[in-house]
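Chemist: Mind the numbering: the sequence shown is residues 107 to 381 in the numbering used here, read in order. Where is the CB? At the ideal position from N, CA and C, for every residue including glycine. Being a predicted model, the structure only gives us computed values, none of them experimental. The structure under discussion is supplied below as structure tokens; questions concerning it will follow.
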Amino acid sequence: MSNISIKSPADIEGMRIAGRLGSEVLDYITPFVKVGVTTGELDRLCHEYMVNVQGTIPAPLNYCPPGYTPYPKAICTSVNDVICHGIPGDKVLKDGDMVNLDITVIKDGYHGDNSRMFLVGKPSILAKRLSEVTYECMWLGIAQVKPGAHLGDIGHVIQQHAEKNGYSVVREFCGHGIGKVFHEEPQVLHYGRPGTLERLEAGMIFTIEPMINAGRREIKEMGDGWTIKTKDKKPSAQWEHTILVTETGYEVLTVSAGSPPPPAFITEASQAVTA
Ligand code: MF3
Ligand code: CO
Ligand code: CO
Numbered sequence: 107m108s109n110i111s112i113k114s115p116a117d118i119e120g121m122r123i124a125g126r127l128g129s130e131v132l133d134y135i136t137p138f139v140k141v142g143v144t145t146g147e148l149d150r151l152c153h154e155y156m157v158n159v160q161g162t163i164p165a166p167l168n169y170c171p172p173g174y175t176p177y178p179k180a181i182c183t184s185v186n187d188v189i190c191h192g193i194p195g196d197k198v199l200k201d202g203d204m205v206n207l208d209i210t211v212i213k214d215g216y217h218g219d220n221s222r223m224f225l226v227g228k229p230s231i232l233a234k235r236l237s238e239v240t241y242e243c244m245w246l247g248i249a250q251v252k253p254g255a256h257l258g259d260i261g262h263v264i265q266q267h268a269e270k271n272g273y274s275v276v277r278e279f280c281g282h283g284i285g286k287v288f289h290e291e292p293q294v295l296h297y298g299r300p301g302t303l304e305r306l307e308a309g310m311i312f313t314i315e316p317m318i319n320a321g322r323r324e325i326k327e328m329g330d331g332w333t334i335k336t337k338d339k340k341p342s343a344q345w346e347h348t349i350l351v352t353e354t355g356y357e358v359l360t361v362s363a364g365s366p367p368p369p370a371f372i373t374e375a376s377q378a379v380t381a
């Protein structure tokens with residue numbers, strides 16, 4: 107018996123709006139992610155855009171799950187060996203860095219949660235490949251989503267693709283149900299076995315946000331109470347979307363004009379269905 111909420115039509119419409127706005131913050135910040143900018147400046151720009159242009163609230167600011175201290179900034183900026191929850195500050199982005207910007211907005215009480223990777227300056231082959239494989243992992247997971255599928259199906263395809271490419275999957279953090287609450291049931295693991303865990307039903311909304319490490323999967327917590335790094339200091343990548351389970355499959359809620367296109371295996375599959 108699972109406690110995963112089924113969203114009402116009104117909730118779903120609210121989540122579509124929040125999702126689009128969350129994605130539009132990433133569109134807005136993209137041209138600013140350049141060599142020489144600080145993560146603190148990216149946070150300041152996003153925060154102003156959310157509050158003054160969109161009329162949204164940055165969900166991370168002062169967010170305080172049990173056992174944590176209040177998160178001090180509006181967004182998360184996770185550079186290179188930072189897996190997630192990097193706190194913006196005076197860190198200057200340099201040529202070859204890779205950075206994840208994770209944005210969660212609240213609009214009319216609804217949360218839109220998404221993140222993208224940005225390759226700064228001239229990317230290394232490793233950085234480019236790690237980001238691309240992680241993006242494919244996210245989309246392989248998304249493509250599993252339909253009524254009757256199991257959460258384990260999502261984790262399984264993500265883990266398979268990451269490990270086939272010589273990478274590892276972070277275990278300590280996962281995707282999550284989302285709605286009027288930032289993090290709710292279910293936990294969406296990015297590893298697992300097909301046919302296990304909860305069955306999906308139309309109206310469920312959750313994130314898929316794999317954290318994939320170039321090296322080993324072990325993590326290290328920093329003393330600031332938030333920042334999570336790889337233990338082996340090798341880079342880590344992450345992409346995130348908020349997904350609705352529909353009667354026939356899935357709808358990505360965190361989409362906007364600037365959303366990167368899905369991988370070819372997604373667009374080819376949907377063309378095969380509609381052809
Ligand atoms: N946006 C993150 C997620 O995808 C959560 C960040 S919590 C924060 O779940 F407090 F660090 F912002
Ligand atoms: Co999330
Ligand atoms: Co997020």
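So the candidates are ILE135, PHE279, GLY301, GLY355; which of them puts its Cα closest to the Cα of GLN293?
Modeler: Your numbering for residue 293 matches position 187 in the sequence shown. Closest option to GLN293, Cα to Cα, is PHE279.
Chemist: What's the C-alpha gap between LYS326 and THR210?
Modeler: Position 220 of the sequence shown holds residue 326. Position 104 of the sequence shown holds residue 210. Cα to Cα, the separation comes out at about 24 Å.
Chemist: What residue range does the alpha helix (DSSP H) around GLN266 cover?
Modeler: Mapped onto the sequence shown, residue 266 falls at position 160. Where GLN266 is concerned, the enclosing alpha helix (DSSP H) stretches over 257 to 270.
Chemist: Can you give me the start and stop residues for the beta strand (DSSP E) that LEU132 sits inside?
Modeler: Walking along the sequence shown from the start, residue 132 turns up at place 26. Premise fails: LEU132 lies in the alpha helix (DSSP H), 115 to 135, not in any beta strand (DSSP E).
Chemist: Kindly examine ligand 3 and report whether one of its heavy atoms sits closer than 7 Å to the Cβ of GLU290.
Modeler: Residue mapping note: residue 290 aligns to position 184 of the sequence shown, counting from 1. No.
Chemist: When a residue counts only if its C-beta is closer than 6 Å to some heavy atom of ligand 2, which residues count, in chain order?
Modeler: Here the list is ASP219, HIS282, THR313, GLU315, GLU346.
Chemist: DSSP three-state label for SER376, please.
Modeler: In the sequence shown, counting from the first residue as 1, residue 376 sits at position 270. Residue state, collapsed to three classes: helix.
Chemist: Touch check for the region 341 to 353 and the region 193 to 200: three-plus C-beta pairs under 8 Å?
Modeler: Segments in contact, no.
Chemist: Hey, how far is the Cα of ASP219 from the Cα of ILE135?
Modeler: Here residue 219 refers to the residue found at position 113 when the sequence shown is read from its first residue. Here residue 135 refers to the residue found at position 29 when the sequence shown is read from its first residue. Answer to the nearest angstrom: the Cα atoms are 15 Å apart.
Chemist: Since MET204 is in the beta strand (DSSP E), which residue starts that stretch and which ends it?
Modeler: In the sequence shown, counting from the first residue as 1, residue 204 sits at position 98. Note, MET204: beta strand (DSSP E), 204 to 213.
Chemist: Excluding five sequence neighbours on each side, which residues of the same chain lie with their C-beta closer than 7 Å to the C-beta of HIS282?
Modeler: In the sequence shown, the residue the question calls residue 282 occupies position 176. Cβ within range, chain order: HIS289, GLU290, GLN293, VAL294, PHE312, THR313.
Chemist: Tell me whether the region 303 to 310 and the region 170 to 177 touch, counting them as touching only if at least three CB pairs, one residue from each stretch, are closer than 8 Å.
Modeler: Contact between the region 303 to 310 and the region 170 to 177 is absent, because fewer than three Cβ pairs lie under 8 Å.
Chemist: Below 7 Å, is the gap between the Cβ of SER221 and the nearest heavy atom of ligand 3?
Modeler: In the sequence shown, the residue the question calls residue 221 occupies position 115. Yes, ligand 3 has a heavy atom inside 7 Å of this Cβ.
Chemist: Consider the C-beta atom of HIS191 and the heavy atoms of ligand 1; say whether any pair is separated by less than 7 Å.
Modeler: Within the sequence shown, the letter at position 85 stands for residue 191. Correct: HIS191 has its Cβ closer than 7 Å to ligand 1.
Chemist: Exposed or buried, which one is PRO115 when buried takes at least 16 other CB atoms within 10 Å?
Modeler: On the sequence shown, residue 115 is found 9 positions in, with the first residue counted as 1. PRO115 is exposed by the Cβ-count criterion.
Chemist: Mind checking who CYS182 pairs with in its DSSP beta bridge?
Modeler: Your numbering for residue 182 matches position 76 in the sequence shown. According to DSSP, CYS182 bridges with ASP208.
Chemist: Looking at ASP208 and ligand 3, is the gap between the Cβ and the nearest heavy atom below 7 Å?
Modeler: Against the sequence shown, residue 208 aligns to sequence position 102. ASP208 Cβ: within cutoff of ligand 3.
Chemist: Helix, strand or coil for THR352, going by three-state DSSP, please let me know.
Modeler: Within the sequence shown, numbered from 1, the residue matching residue 352 stands at position 246. If DSSP states are grouped into helix, strand and coil, THR352 belongs with coil.
Chemist: How big is the Cα-Cα spacing for GLY247 and PHE371?
Modeler: As a first step, residue 247 must be located in the sequence shown, where it is residue number 141. As a first step, residue 371 must be located in the sequence shown, where it is residue number 265. Rounded to the nearest angstrom, the two C-alpha atoms are 12 Å apart.
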